[in-house]
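Protein chains in written order, with this note's numbering: chain C, 5 to 323; chain L, 68 to 326.
Read the structure below first, then the notes.
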């Protein structure tokens, strides 16, 4: 097995998800290599060694500054072919999914996504994934090399081994079409207030709230419970609540003691960000909302009536 | 402007969906409909065409021969015509095989813009557009929450783990839109009646110039080895609110020592 892990970075740090995948890959392949693709990334190559990579390939070029997928496909495609890697692993993210999809096409390779675990069996590498809204688990494999895998966020924790990686610089040759998309303005995540990742209790509002004003009843409930308010992509994209509170695939991954969703349908993109919560409570007027399939306690009803009543009950107890 | 929208027929979301344990493929014999995320891509295409006052919206799909039943919903919304690649040899296609077939069908159309929805509700993947863009050698932008198209270029707001990026790409380009971008219109009765008369072409792999060895299982590089029921999360309680919903949640939180 010769394994390469895509080390996605943001600013001067390698993403936690990528380091988690690196830790898992190092268990399966002690000689695992990583690749850093960006501008000014040479300095962070040593971090990859500390987290388990034996070798780090570095593609450092101003043309790779913006986190756009296609130039990264060019670099990875050539590297995988030149070095003969048989396995390429990614920690799921918006960027990594686009890179992995493009690389699969470029190399004519198999890509399995949403993997929550990897193991090496008699027949080689096997990925574990859930499907159909997590109602079925599947063992998936690859019929040819290279094997590409996208790992579900939060599946593996990084492991600091304190090792050192050999660093090798690689050349950058870009396809004409790969540089056509250009970054006009790059996101800078702003932190407002306490992070929802640290809250033990999260009251989450979704599109079912009906209006941005209704977040006030969630804020009151969160306040009496001693928790924070979180949100879904739908309400953030609609401008109802700020982006740093968003839970899900393109937001935060949270694992509170209590997750209470009000008007949250529980679509898979949201679920991947909160499914490890210890206790899940849902209020939704749609009895078929997917969130009821993975809630410990679900109430089919009107959140406008239930939430304020619940706030009063908690207040009375605390008084 | 010619806009191609890639759409897919999927089994209706809900408890009846299953993977056939024999073939280890999605069971597509039950109730089916157009993937709900694709409706947002169709809606966006129609709005772009309406804003320009000219152009064509073509639905491109791969699926069983009956998939046109679902695709007609997009025609009912206002798309001009549909092309379905349907071939026994294309069944069981994985990502790369699917991208090969769709890219071939798209190439024959030479669109100015290729739109995708956020993901398919059956496969839960969100990677196909990137593979298709690579095959077509076009720029790609995904996870789009705001989109402007004009002057031969697209300017998109992309949501990532860090917030919103603004990305610009010249046309032709491949764009994948989020479901928050718009609210899809319902097909009118007139639209539904008219949909039946709109051009609906069914093409074989040979028609789009794809070798049977590059599609279906022969063209796929991933396999499904086994299927299992998921571990239970424990008991789930679902109660219809009869006025005591808040009390029931409160009692439950007390029991778990969460208040």
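Note that the Cβ used here is the ideal one computed from N, Cα and C, for glycine as well.
Answer with buried or exposed for residue 269 of chain C, where buried requires no fewer than 16 other C-beta atoms within 10 angstroms of its C-beta.
Residue 269 of chain C comes out buried.
Would you check if the distance between the CB atom of residue 294 of chain L and the CB atom of residue 9 of chain C is smaller than 7 angstroms?
No. Outside cutoff.
Can you tell which of L:147, L:194, L:90 has its C-alpha closest to the C-alpha of residue 267 of chain L?
Closest by alpha carbon: L:147.
Taking a cut of 9 angstroms between CB atoms, which residues from the region 296 to 317 of chain C lie near chain L?
Listed by position along the chain: 296, 297, 298, 299, 300, 301, 302, 303, 304, 305, 306, 309, 310, 311, 312, 313, 314, 315, 316, 317.
Is the shortest distance between the beta-carbon of residue 117 of chain C and the beta-carbons of chain L less than 7 angstroms?
Yes, because at least one Cβ of chain L sits closer than 7 angstroms to the Cβ of residue 117 of chain C.
In the region 199 to 232 of chain C, which residues sit with their C-beta less than 8 angstroms from some C-beta in chain L, listed in chain order?
Answer set for the region 199 to 232 of chain C: 205, 229.
What are the start and end residues of the beta strand (DSSP E) that includes residue 139 of chain L?
No beta strand (DSSP E) contains residue 139 of chain L, which is instead part of the alpha helix (DSSP H) from 135 to 144.
Suppose you measure from the CA of residue 313 of chain L to the CA of residue 204 of chain C; what does that come to, to the nearest Å?
Taking the straight line joining both Cα atoms gives about 21 angstroms.
With DSSP collapsed to three states, give me the class of residue 339 of chain L.
Outside the displayed range of chain L (68 to 326) lies residue 339 of chain L, so it cannot be described from this structure.
Whose C-alpha, out of C:298, C:277, C:292, is nearest the C-alpha of residue 283 of chain C?
Here the closest residue by C-alpha is C:298.
Whole angstroms is fine: what's the gap from residue 87 of chain L's alpha carbon to residue 93 of chain L's?
Cα to Cα, the separation comes out at about 6 angstroms.
Say whether chain C places a C-beta atom closer than 7 angstroms to the C-beta of residue 142 of chain L.
Not closer than 7 angstroms to any Cβ of chain C, the Cβ of residue 142 of chain L fails to qualify, so no.
For residue 135 of chain C, which of L:189, L:177, L:196, L:305 has the nearest alpha-carbon?
Of the listed residues, the one whose Cα sits closest to residue 135 of chain C is L:189.
Using a Cβ cut-off of 7 angstroms, pull out every chain L residue sitting near residue 191 of chain C, in sequence order please.
Here the neighbours are 227, 229, 230, 231, 232.
What residue from C:272, C:296, C:301 has the CA that sits closest to residue 321 of chain L's CA?
Of the listed residues, the one whose Cα sits closest to residue 321 of chain L is C:301.
Quick one: what's residue 227 of chain L bridged to in DSSP?
Per DSSP, L:230.
Run through DSSP, which three-state label would residue 61 of chain C get?
Here residue 61 of chain C sits in strand by DSSP.
If you draw a straight line from the alpha carbon of residue 303 of chain C to that of residue 276 of chain C, how long is it in whole angstroms?
When rounded, the distance between both Cα atoms is 22 angstroms.
Give, in chain order, every residue of the region 11 to 27 of chain C whose Cβ lies closer than 7 angstroms to some Cβ of chain L.
Against chain L - using a Cβ distance shorter than 7 angstroms - the residues of the region 11 to 27 of chain C are 14.
Quick one: list the residues of chain C neighbouring residue 307 of chain L, beta-carbon separation under 9 angstroms, in chain order.
Here the neighbours are 291, 303, 304, 305.
What residues are listed by DSSP as bridge partners for residue 305 of chain L?
Answer is C:302, bridged to residue 305 of chain L.
What residue does the alpha helix (DSSP H) around residue 317 of chain L start on, and which one ends it?
Taken as a continuous stretch (DSSP letters only), the alpha helix (DSSP H) holding residue 317 of chain L covers 312 to 322.
Does the Cβ of residue 260 of chain L have 16 or more other Cβ atoms within 10 Å, making it buried, or fewer, making it exposed?
The residue in question, residue 260 of chain L, is exposed, as its Cβ has fewer than 16 Cβ neighbours within 10 Å.
Does residue 256 of chain L pass the burial test, meaning 16 or more other C-beta atoms within 10 Å, or should it be called exposed?
Label assigned to residue 256 of chain L: exposed.
Is it true that the region 190 to 208 of chain L meets the region 300 to 319 of chain L, where meeting means three or more beta-carbon pairs spaced less than 8 angstroms apart?
With a cut-off of 8 angstroms, the region 300 to 319 of chain L and the region 190 to 208 of chain L do not count as touching, because too few Cβ pairs lie within range.
Could you tell me the distance, in whole angstroms, from the CA atom of residue 288 of chain L to the CA atom of residue 162 of chain L?
If I take the Cα positions, the gap works out to 9 angstroms.
Here's the rule: buried if 16 or more other CB atoms are within 10 angstroms of the residue's CB, otherwise exposed. What is residue 141 of chain L?
That one is buried.
Under 7 angstroms between C-beta atoms, does residue 83 of chain C make it to chain L?
No, residue 83 of chain C does not count as interfacial toward chain L.
Checking contacts by CB at 7 angstroms: is residue 114 of chain C closer than that to chain L?
Closer than 7 angstroms to some Cβ of chain L, the Cβ of residue 114 of chain C qualifies, so yes.
With 7 angstroms as the C-beta to C-beta threshold (strictly closer), list the residues of the region 210 to 221 of chain L near chain C in chain order.
Within the region 210 to 221 of chain L, the residues whose Cβ lies closer than 7 angstroms to some Cβ of chain C are 210, 212, listed in chain order.
Comparing alpha-carbon positions, which option in L:109, L:229, L:68, L:106 lies nearest residue 191 of chain C?
That would be L:229, whose Cα lies nearest to the Cα of residue 191 of chain C.
Check whether the Cβ atoms of residue 164 of chain C and residue 54 of chain C sit closer than 7 angstroms, and answer yes or no.
Their beta carbons are under 7 angstroms apart, which means residue 164 of chain C touches residue 54 of chain C by this criterion.
Does the beta carbon of residue 95 of chain L sit closer than 7 angstroms to a beta carbon anywhere in chain C?
No, because no Cβ of chain C sits closer than 7 angstroms to the Cβ of residue 95 of chain L.
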